[in-house]
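In UniProt numbering, the protein residues as written are 1 to 128. Structure first, commentary second.
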């Protein structure tokens with residue numbers, strides 16, 4: 001049995017759009033990842049503590065607590081997770097802000113297919 005079969009990378013998707021989240025859940029499951037979702041920032045922060053994901057896909061535009069606020073909270077806890085901001089905000093200022101707050105990568109949803117997002121996660125994890 002190889003390492004890929006013994007430990008499936010754990011992904012947490014924090015996104016308030018059920019269609020987007022479900023699309024990524026299906027793609028990541030097909031690619032042999034373990035996956036959890038949260039529909040808002042507060043639930044996402046709780047799930048991070050419980051689930052301990054390897055990578056977090058974090059939407060920026062969400063009600064109550066946006067992705068930048070969630071990212072700030074994660075970094076205050078010194079949690080080492082790799083975080084990819086997965087959003088429709090493509091302005092240079094948003095990208096720079098996300099990376100400055102500690103995101104590992106910044107993906108504009110409209111510019112990447114789910115398969116390409118999986119590849120970015122694999123690259124971040126150093127697999128394949």
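The beta-carbon is built from N, C-alpha and C at its ideal position, and this holds for glycine as well.
For residue i, which of helix, strand or coil comes out of DSSP?
{"i": "residue 124", "result": "helix"}
{"i": "residue 52", "result": "coil"}
{"i": "residue 1", "result": "Summary for residue 1: the model assigns pLDDT 39, below 50, so the residue's position carries little reliability, and this model does not support an answer."}
{"i": "residue 17", "result": "coil"}
{"i": "residue 99", "result": "helix"}
{"i": "residue 111", "result": "helix"}
Mind checking whether residue i and residue j have CB atoms under 7 Å apart?
{"i": "residue 58", "j": "residue 83", "result": "yes"}
{"i": "residue 33", "j": "residue 56", "result": "no"}
{"i": "residue 9", "j": "residue 54", "result": "yes"}
{"i": "residue 52", "j": "residue 36", "result": "no"}
Which residue from the options puts its Cα closest to that of residue i?
{"i": "residue 103", "options": "69, 115, 52, 30", "result": "69"}
{"i": "residue 27", "options": "38, 40, 39, 13", "result": "13"}
{"i": "residue 72", "options": "127, 44, 53", "result": "44"}
{"i": "residue 136", "options": "121, 40, 127", "result": "An answer regarding residue 136 cannot be provided, because it is not within the stretch 1 to 128 covered by the chain."}
{"i": "residue 30", "options": "89, 106, 115, 94", "result": "115"}
{"i": "residue 110", "options": "99, 86, 96, 120", "result": "86"}
{"i": "residue 91", "options": "126, 106, 17", "result": "106"}
{"i": "residue 130", "options": "113, 79, 75, 120", "result": "Since the first residue of the chain shown is 1 and the last is 128, residue 130 is not available in this structure."}
Which one or two residues does DSSP pair with residue i in a beta bridge?
{"i": "residue 105", "result": "84"}
{"i": "residue 12", "result": "36, 56"}
Requested in this report: Counting only runs of 3+ residues fully inside the segment 22 to 81, write out the beta strand (DSSP E) ranges in chain order.
Outcome: 34 to 38, 55 to 58
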